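Participant:
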Amino acid sequence: MMNFIECELLRVFIGEKEKLHHRPIYELLVSEALERGMAGATVFRGLLSFGLRHKVHTAKILELAGDLPMVVEIIDSTEKIEEFLPVLETLLREAGVEALVTRENVRHWTT
Amino acid sequence: MMNFIECELLRVFIGEKEKLHHRPIYELLVSEALERGMAGATVFRGLLSFGLRHKVHTAKILELAGDLPMVVEIIDSTEKIEEFLPVLETLLREAGVEALVTRENVRHWTT
Amino acid sequence: MMNFIECELLRVFIGEKEKLHHRPIYELLVSEALERGMAGATVFRGLLSFGLRHKVHTAKILELAGDLPMVVEIIDSTEKIEEFLPVLETLLREAGVEALVTRENVRHWTT
Chain A
713 MMNFIECELL RVFIGEKEKL HHRPIYELLV SEALERGMAG ATVFRGLLSF
763 GLRHKVHTAK ILELAGDLPM VVEIIDSTEK IEEFLPVLET LLREAGVEAL
813 VTRENVRHWT T
Chain B
713 MMNFIECELL RVFIGEKEKL HHRPIYELLV SEALERGMAG ATVFRGLLSF
763 GLRHKVHTAK ILELAGDLPM VVEIIDSTEK IEEFLPVLET LLREAGVEAL
813 VTRENVRHWT T
Chain C
713 MMNFIECELL RVFIGEKEKL HHRPIYELLV SEALERGMAG ATVFRGLLSF
763 GLRHKVHTAK ILELAGDLPM VVEIIDSTEK IEEFLPVLET LLREAGVEAL
813 VTRENVRHWT T
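Keeping their order, the protein sequence lines are chains A, B and C. Quick note on numbering: the first sequence equals residues 713 to 823 in our numbering. Quick note on numbering: the second sequence equals residues 713 to 823 in our numbering. Quick note on numbering: the third sequence equals residues 713 to 823 in our numbering.
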């Protein structure tokens, strides 16, 4: 019997090349989530996007500039997600990068 | 302080090879969203799917036919998403292609 | 006019290398969903994740071990999704693998 628990999915859309202290932001976000014991974090790479000051990121541009859209997905309770938001905000501000962030209600279950 | 705003995530699942006027549908959808000033649009490539008349799209088939599943994700207010739906529907009908489309409520925030 | 129907999106996060009877779990899940006539199923590959006993799956590890995170997304009515859950649970238990599973409410439409 799978018992699903109410939680939230936080998604952070950011450029693949965006860095802080020479490390990709998406990787830093996964590290921060791991350190905080969040339930899960996964990174996916897109092939085309806009939304960050309407720059278009494409796979073609990647070949030149390596800046494809990435989405970092973090899953945990609303409480844990809300504790993570200031970490995210500080990290984005320090790096001076743009990001689109979404939150949504999901239910989760783990083996 | 991150203030999240209620909005919607529109997702369009479509074959990578589907075209209209020699342009991929997923690229046309991103262009249309960009022209209409939507908050964001991102395209991801899947590696296996069915759902479009139960054809199975796989990475192996891609090597032969180049038709992997793609998902175009568009984020904006319900109002802007609803204005976008007729554009989407017209485009799909003109191209005569199949698509699976989903909408869901999310909250978004941008830097 | 696009009429959207209430349904659910089931997402299963699992390692690319996880297998049962020599077949990848993500592929088995798509097969099972197809056999049961679910509305749609799509598989995406991530490039970095944790969440399954906090092992970190990365693209670098992939080159060595081929174990990237995968997400299988299945869309159908709540009823059909609930009928699918025991199939999923049995499959995961037989394979003895870890997975993170989420459910969320979406509305869907097909051409």
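Glycine included, C-beta positions come from ideal geometry on N, C-alpha and C. Predicted model only: the values in this text are computed from it and were never measured.
Kindly indicate if chain B contains any beta-carbon less than 9 Å away from that of C/Thr754.
Facilitator: yes
Participant: Can you check whether the C-beta of C/Leu833 is within less than 9 Å of a C-beta belonging to chain B?
Facilitator: Absent from the structure is residue 833 of chain C, since the part of chain C shown begins at 713 and ends at 823.
Participant: Tell me the residue span of the alpha helix (DSSP H) that contains A/Leu746.
Facilitator: Its alpha helix (DSSP H) spans residues Ile737 to Glu747.
Participant: Identify which residue in C/Ala753, C/Met782 and C/Val755 has its Cα closest to the Cα of C/Gly763.
Facilitator: Minimum Cα-Cα distance from C/Gly763 among the listed residues C/Ala753, C/Met782 and C/Val755 corresponds to C/Met782.
Participant: Would a C-beta distance cut-off of 9 Å place C/Ala753 and C/Val742 closer than the cut-off?
Facilitator: yes
Participant: DSSP three-state label for A/Leu759, please.
Facilitator: Coil.
Participant: For A/Lys731, which three-state DSSP category applies?
Facilitator: It is a strand residue.
Participant: Contact between the segment 801-815 of chain B and the segment 732-739 of chain B: three or more CB pairs below 8 Å?
Facilitator: Yes, they touch.
Participant: Can you tell me where the alpha helix (DSSP H) holding B/Leu800 begins and where it ends?
Facilitator: Counting along the chain, the alpha helix (DSSP H) containing B/Leu800 begins and ends at Thr790 to Ala807.
Participant: Would you grab the beta carbon distance between C/Arg819 and C/Phe716 for me? Rounded to a whole angstrom, and I think it's under 8 Å.
Facilitator: 4 Å
Participant: Are any of the Cβ atoms in chain A nearer than 9 Å to that of B/Ile787?
Facilitator: yes
Participant: I want to see whether chain B comes within less than 9 Å of C/Glu744, judged by CB atoms only; does it?
Facilitator: no
Participant: Does any residue of chain A have a CB that is nearer than 9 Å to the CB of C/Pro811?
Facilitator: The sequence given here has Ala at residue 811 of chain C, not Pro. C/Ala811 counts as touching chain A.
Participant: What residues of chain B sit near C/Phe796, judged by a beta carbon separation below 7 Å?
Facilitator: Here the premise fails: no neighbours, minimum Cβ distance about 14 Å.
Participant: Could you tell me whether any Cβ in chain B is nearer than 9 Å to the Cβ of A/Thr814?
Facilitator: yes
Participant: Tell me which residue opens and which closes the beta strand (DSSP E) that C/Glu810 is part of.
Facilitator: Unbroken run through C/Glu810: none, as it is neither H nor E.
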